[in-house]
Amino acid sequence: MRAESVAYTGQSLPRVEDAALLSGRGRFIDDLGVRPGTLEAAILRSPHAHADILSIDTSAALALPGVVAVVTGRDLAALTLPMVAGLKVNVENWPMAVERVRYVGEPVAIVVAQTRYLAEDALDAIAVDYAPKPALLDPVASIEPGAALLHDTSGGNLVSDRRFSYGDPEGAFAAAERVFEITVRYPRNTGAPMETFGIVADYDPHEGVYDILANFQGPFSIHTVLARTLKVPGNRLRMRMPPDSGGSFGVKQGVAPYAALIAVAARIAGRPVKWIEDRLEHLVGAVAATNRVTTLRAAVTAEGRITALDFDQIEDCGAYPRAPEPATLYRMHGNMTGAYDIANVAIRNRVALTNKAPTGLVRGFGGPQVYFALERLVQSIAVGLGRDPLDVIHRNLIPAGAFPYRTATGALYDSGDFPAAVETAAGAGRYAELAARRDKARAEGRRYGIGLAAVVEPSVSNMGYITAVLTPQERAKAGPKNGAQASATVSIDPTGTVSVTTASTPQGQGHRTVLAQVVADVFGLAPSDVRVICELDTGKDAWSIASGNYSSRFAAAVAGAAHMAATRLRDRLARVAAAQFQAQAGDISFADGKIVAVGGASAPFARISALSHWSPGVLPEGVEQTIRETAFWTPPELTAPDAADLVNSSLCHGFIFDMCGVEVDEVSGAVRIDRYVTMHDCGRVLHPGMVEGQIRGAFAQALGASFFEELAYAEDGAFLTGTFADYLLPTATEVPDLDILHLETPSPFTPLGAKGVGEGNCMSTPVCIANAVADALGVADITLPLTPARVAALVERPEPAPPEGAGATAKPAGRPGDRTLRGEGSAFVPAPREQVWATLLDADALASIIPGCHGVKKLSPTHFTADVTLGIGPVKGRYKADVMLSDLDAPNAATLSGNVSGALGTGGGAGRVTLTEAEGGTRVAYVYEAAVGGKVAAIGGRLLDGAAKAIIGQFFAALARRAAPDRAGLFARLLGMLTGGHK
Amino acid sequence: MPRLSATALHDVRFTLNGRPARVAAEPRLLATDALRHGLGLTGTHVGCEHGVCGACTILIDGVPARACLTLAVQFEGRDVRTVEGLAPSPDRLSVLQEAFRRHHALHCGFCTAGILMSVDAFLKTTPDPDEHLVREVVGGHLCRCTGYSAIVAAVLDAAAILRGDGSNV
Ligand code: FES
Ligand code: FES
Chain A
1 MRAESVAYTG
11 QSLPRVEDAA
21 LLSGRGRFID
31 DLGVRPGTLE
41 AAILRSPHAH
51 ADILSIDTSA
61 ALALPGVVAV
71 VTGRDLAALT
81 LPMVAGLKVN
91 VENWPMAVER
101 VRYVGEPVAI
111 VVAQTRYLAE
121 DALDAIAVDY
131 APKPALLDPV
141 ASIEPGAALL
151 HDTSGGNLVS
161 DRRFSYGDPE
171 GAFAAAERVF
181 EITVRYPRNT
191 GAPMETFGIV
201 ADYDPHEGVY
211 DILANFQGPF
221 SIHTVLARTL
231 KVPGNRLRMR
241 MPPDSGGSFG
251 VKQGVAPYAA
261 LIAVAARIAG
271 RPVKWIEDRL
281 EHLVGAVAAT
291 NRVTTLRAAV
301 TAEGRITALD
311 FDQIEDCGAY
321 PRAPEPATLY
331 RMHGNMTGAY
341 DIANVAIRNR
351 VALTNKAPTG
361 LVRGFGGPQV
371 YFALERLVQS
381 IAVGLGRDPL
391 DVIHRNLIPA
401 GAFPYRTATG
411 ALYDSGDFPA
421 AVETAAGAGR
431 YAELAARRDK
441 ARAEGRRYGI
451 GLAAVVEPSV
461 SNMGYITAVL
471 TPQERAKAGP
481 KNGAQASATV
491 SIDPTGTVSV
501 TTASTPQGQG
511 HRTVLAQVVA
521 DVFGLAPSDV
531 RVICELDTGK
541 DAWSIASGNY
551 SSRFAAAVAG
561 AAHMAATRLR
571 DRLARVAAAQ
581 FQAQAGDISF
591 ADGKIVAVGG
601 ASAPFARISA
611 LSHWSPGVLP
621 EGVEQTIRET
631 AFWTPPELTA
641 PDAADLVNSS
651 LCHGFIFDMC
661 GVEVDEVSGA
671 VRIDRYVTMH
681 DCGRVLHPGM
691 VEGQIRGAFA
701 QALGASFFEE
711 LAYAEDGAFL
721 TGTFADYLLP
731 TATEVPDLDI
741 LHLETPSPFT
751 PLGAKGVGEG
761 NCMSTPVCIA
771 NAVADALGVA
781 DITLPLTPAR
791 VAALVERPEP
801 APPEGAGATA
811 KPAGRPGDRT
821 LRGEGSAFVP
831 APREQVWATL
841 LDADALASII
851 PGCHGVKKLS
861 PTHFTADVTL
871 GIGPVKGRYK
881 ADVMLSDLDA
891 PNAATLSGNV
901 SGALGTGGGA
911 GRVTLTEAEG
921 GTRVAYVYEA
931 AVGGKVAAIG
941 GRLLDGAAKA
951 IIGQFFAALA
961 RRAAPDRAGL
971 FARLLGMLTG
981 GHK
Chain B
1 MPRLSATALH
11 DVRFTLNGRP
21 ARVAAEPRLL
31 ATDALRHGLG
41 LTGTHVGCEH
51 GVCGACTILI
61 DGVPARACLT
71 LAVQFEGRDV
81 RTVEGLAPSP
91 DRLSVLQEAF
101 RRHHALHCGF
111 CTAGILMSVD
121 AFLKTTPDPD
131 EHLVREVVGG
141 HLCRCTGYSA
151 IVAAVLDAAA
161 ILRGDGSNV
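Residue numbers (UniProt numbering), protein chains in the order written: chain A, 1 to 983; chain B, 1 to 169.
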């Protein structure tokens with residue numbers, strides 16, 4: 001066999017995926033038809049961050065037209081087992097609340113109905129009685145001894161606490177000339193793919209088989225988790241993926257718990273059930289990246305050489321440690337020292353549970369959290385030593401000749417030349433130009449800063465790294481776990497054409513194009529001759545637990561497996577051709593759609609390739625069929641964590657060096673990116689256009705993380721960012737241009753020399769920008785996202801001394817995300833004061849004047865309940881209101897307090913109403929303060945103030961009509977007054 | 001428009017990509033659901049259902065509209081265009097679509113239909129836009145994959161070709 005000619009791999013060919021997607025012929029999950037009779041599901045979610053479920057009454061919902069079933073947590077528990085986690089902890093990990101809700105948005109019941117519209121109607125009719133409990137939002141507070149427990153059986157909210165020591169960190173710190181320390185809080189954000197989760201599930205009661213079509217991305221280790229949860233053997237759980245998936249960025253791993261829910265709903269309903277997640281559901285409950293509190297210390301020489309690192313990481317995994325967590329905390333374990341040669345490392349890793357949504361895979365997966373601390377610290381070291389940060393980076397980089405390089409924590413870095421990459425990026429005058437721009441801006445009194453970040457981007461993760469959460473003894477008991485198996489199948493049909501399938505689940509990256517390129521080169525065909533199908537079916541395809549699309553595995557592992565399968569088939573074809581041509585196999589080559597022997601004999605590819613089908617008898621002795629070849633590839637380097645806790649967490653390690661200049665507007669707090677340079681070494685580049693696309697896409701996401709994105713919660717656990725108007729993604733007007741540079745050091749560990757590239761900027765860019773803003777403002781403490789308000793607050797201003805004695809009484813400044821409603825106002829009612837008073841205390845009268853009221857019950861003279869329908873922005877729903885009157889001072893004043901609850905949210909508050917006599921009537925004045933939670937807070941938040949005013953306005957308008965029904969034309973007058981009466 | 005009954009199905013007639021179309025719709029049926037599930041035109045995508053992401057953008061009487069904020073009954077008598085109507089024939093792409101392919105202006109393609117519809121309308125009124133204007137228009141859409149640069153380049157390239165001074169076809 002002669003060397004293959006590489007005609008297509010490495011070129012930016014047009015993508016085979018594009019024409020269908022551009023003309024509206026994509027086949028995303030919600031574009032595929034379903035079997036007649038398929039029902040649709042809608043999910044009722046908890047409005048409380050933490051509450052016991054006292055009762056769920058589904059009878060009214062079941063009575064509605066079109067409703068087939070309502071599934072509660074207890075129904076689920078009867079048919080399933082809790083989902084297993086990566087931790088040994090006594091916590092029941094249900095995909096739907098059984099007896100207690102632990103985060104806002106947690107599924108509580110599923111309605112299955114003929115249409116989604118009818119299913120959503122029925123959600124409103126489910127009555128759930130909750131007994132709220134205090135919510136724990138902060139991971140540091142939640143692991144304090146004595147904190148209330150999320151799970152009564154867990155023995156604490158601290159569910160994992162491991163210490164690691166490599167080299168001699170104590171000695172290094174004792175000997176250190178300087179010690180630097182930084183504490184950072186990395187926020188919660190998410191990948192927010194444009195397509196949400198979708199599932200169509202069916203259950204065959206005779207064969208006991210669940211068939212689940214979902215836009216799941218893997219890892220398919222979760223198939224095992226799901227099979228166990230659904231209580232079926234693996235071969236009775238068939239999972240299929242649609243041909244197209246609208247982005248994932250890790251997040252679609254989180255489809256798994258919903259797959260269990262919809263599967264059970266289909267079993268109970270006795271019909272296939274489809275569920276398409278909506279955006280609010282996605283933001284409130286799909287998958288969040290972990291927020292993390294890290295304290296990082298470095299032992300440093302006077303010249304800036306780091307001799308030891310000491311990490312203390314507290315990871316917030318939300319309410320349940322859901323598989324594969326706490327993987328976010330361990331994915332970086334081998335590369336905790338980043339791009340630096342540091343021999344001594346101490347790590348303490350703690351996992352906290354809080355009343356927030358469970359976490360999971362999000363692009364970057366642990367990298368942003370680690371590098372934010374590490375690279376902020378490197379900058380602080382430079383500032384503290386009065387050195388240029390570039391100099392500190394250079395001093396600590398792993399030297400060029402050191403590869404493959406074993407890190408202190410156990411990773412084996414495959415290839416790289418970090419100093420050359422940094423020099424290339426900073427060279428050609430680029431760094432000098434940034435410095436000149438900074439000097440000029442500063443000379444003009446503007447706030448300009450430079451940020452740098454050097455980052456190692458791991459890819460092709462070792463399935464075994466997660467077991468580092470166990471002690472070596474526990475691991476020994478459980479047996480070793482390791483590897484990163486990838487699989488691909490290449491087949492030849494009777495017309496002699498080539499098809500490829502892989503156990504990858506692309507979400508838009510263009511894998512079909514790259515696989516066609518790689519396989520076409522092996523066979524000397526054109527990529528258009530090769531047909532690639534990527535939709536995985538666990539019932540028929542070759543796959544393993546590491547299958548799926550995560551950890552940037554595609555280029556390094558999956559494309560390599562396809563290359564292996566194609567090469568094996570080609571080598572057999574060469575022997576078949578040699579027999580036909582009476583030549584030696586070594587003299588056969590494949591090019592331009594032909595199979596050619598040295599000496600001139602040749603045949604079209606298909607003539608030889610189809611022989612195995614048509615005349616298997618002509619295959620030479622000892623040559624197997626050339627119809628189909630499946631290759632499984634796993635790198636031997638990925639061994640299990642060892643007894644010394646050395647963890648080779650990933651196979652490939654790319655390198656990124658980022659450099660940027662930003663200008664901060666002191667008044668508005670806006671940050672403008674003046675220049676951004678990103679240098680990548682991702683090994684061999686298979687498709688430059690796609691690599692650039694991955695870099696730009698990751699950069700844009702990282703920009704979102706830097707400036708806009710946070711899954712925000714109020715102190716009571718209410719979720720505040722349920723729409724794209726609250727959780728802001730960057731748009732074309734915010735993403736600046738980017739200088740992309742490359743250095744290629746091929747990985748010796750992967751079949752094609754490629755490494756992953758898709759996640760790097762999510763790791764490097766947030767901290768690079770933070771470093772630049774820190775430099776611009778001369779501040780040390782930077783927390784993301786750098787919203788204008790937050791940046792403006794960082795701008796150093798002479799602080800006004802607090803006035804004497806004011807400290808104790810000063811109102812706390814409104815926290816960001818605080819959506820307490822406060823208001824006051826007054827209205828004129830043209831009726832005598834006694835009459836107004838009587839109306840306010842009369843249940844029937846109240847029923848007619850409370851906006852949207854369906855009836856008031858008077859439980860006692862001062863206690864009412866009411867059923868009301870309120871619309872706030874896009875969210876209209878029915879609520880139960882419970883109102884108490886107190887501090888009655890007839891007919892002058894009363895305090896109203898109470899709360900409302902409904903499927904869409906909860907609220908509570910109090911207000912004082914005072915009545916004073918006025919010319920021709922009564923002036924009713926009020927002040928109120930209320931807090932809201934649940935769906936209304938998450939998606940109507942920005943509209944709440946206006947809505948509250950409008951509702952109060954309606955209330956007083958109705959009061960005026962009721963108290964003085966014979967006065968015409970007052971409505972308009974009254975409204976005028978109301979508008980004027982509000983502050 | 002006739003008075004609608006909340007529970008009745010209404011026969012909505014309109015023009016869809018140049019051809020007469022009708023769909024039976026309850027008044028609350030969203031235009032996205034009518035197009036996608038009623039008429040089988042699944043190219044119009046739903047990314048948020050609250051008017052922000054722009055994935056659902058279609059043209060109603062030539063003007064871009066968020067289909068997720070439109071009711072199907074509002075189609076009555078209108079001229080509606082969707083991504084399925086952009087290409088000159090089933091096996092060809094329009095100039096704009098071709099430019100997107102050349103520039104790798106899509107990854108997953110979930111956002112793409114909406115962007116194509118907005119840009120298609122925009123280039124009709126603004127044949128010679130500068131980058132800033134293009135960014136403003138594309139800025140009405142969310143794309144989580146591409147980082148936008150390739151989209152902007154594709155639009156500028158398509159505009160040049162449509163004006164006749166393009167060099168890339
Ligand atoms: S789906 Fe209509 S704007 Fe997002
Ligand atoms: S290409 Fe995936 S969202 Fe735009």
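A virtual CB, placed ideally from N, CA and C, is assigned to each residue, including glycine.
Distance cut-off 6 Å: residue i Cβ against heavy atoms of ligand 2
i: L283 (chain A); result: no
i: M194 (chain A); result: yes
Closest residue to residue i among the options (Cα-Cα distance)
i: L651 (chain A); options: A:T634, A:D587, A:A893; result: A:T634
i: A610 (chain A); options: A:R628, A:V598, A:E621, A:G622; result: A:R628
i: S551 (chain A); options: A:T183, A:Y465, A:G669, A:D124; result: A:Y465
i: I222 (chain A); options: A:Y330, A:V84, A:A131; result: A:V84
i: G953 (chain A); options: A:Y926, A:A938, A:G334; result: A:Y926
i: I29 (chain A); options: A:S245, A:S380, A:P65; result: A:S245
i: A78 (chain A); options: A:A61, A:V98, A:D493; result: A:V98
i: A148 (chain A); options: A:H50, A:I56, A:M239; result: A:H50
i: G384 (chain A); options: A:P324, A:K252, A:R178; result: A:R178
Short Cβ contact (7 Å threshold) for residue i with residue j
i: F581 (chain A); j: G524 (chain A); result: no
i: T513 (chain A); j: N549 (chain A); result: no
i: A357 (chain A); j: G304 (chain A); result: no
i: S415 (chain A); j: Q485 (chain A); result: no
i: L71 (chain B); j: M117 (chain B); result: no
i: V767 (chain A); j: R376 (chain A); result: yes
i: A25 (chain B); j: H10 (chain B); result: yes
i: C56 (chain B); j: C108 (chain B); result: no
i: N90 (chain A); j: E710 (chain A); result: no
i: M463 (chain A); j: P751 (chain A); result: no
i: I262 (chain A); j: F311 (chain A); result: no
i: V936 (chain A); j: G898 (chain A); result: no
i: V530 (chain A); j: A520 (chain A); result: yes
i: D211 (chain A); j: R238 (chain A); result: yes
Supposed close pair residue i, residue j - CB separation, criterion 8 Å
i: G198 (chain A); j: N215 (chain A); result: 5 Å
i: L136 (chain A); j: T354 (chain A); result: 5 Å
i: T183 (chain A); j: T295 (chain A); result: 5 Å
Any non-hydrogen atom of ligand 1 closer than 6 Å to residue i Cβ
i: E131 (chain B); result: no
i: V293 (chain A); result: no
i: G140 (chain B); result: no
i: R185 (chain A); result: no
i: A31 (chain B); result: no
Paired residues, beta bridge with residue i - DSSP
i: F655 (chain A); result: A:V456, A:D681
i: E824 (chain A); result: A:V927
i: L915 (chain A); result: A:V924
i: P20 (chain B); result: B:T15
i: M239 (chain A); result: A:I212
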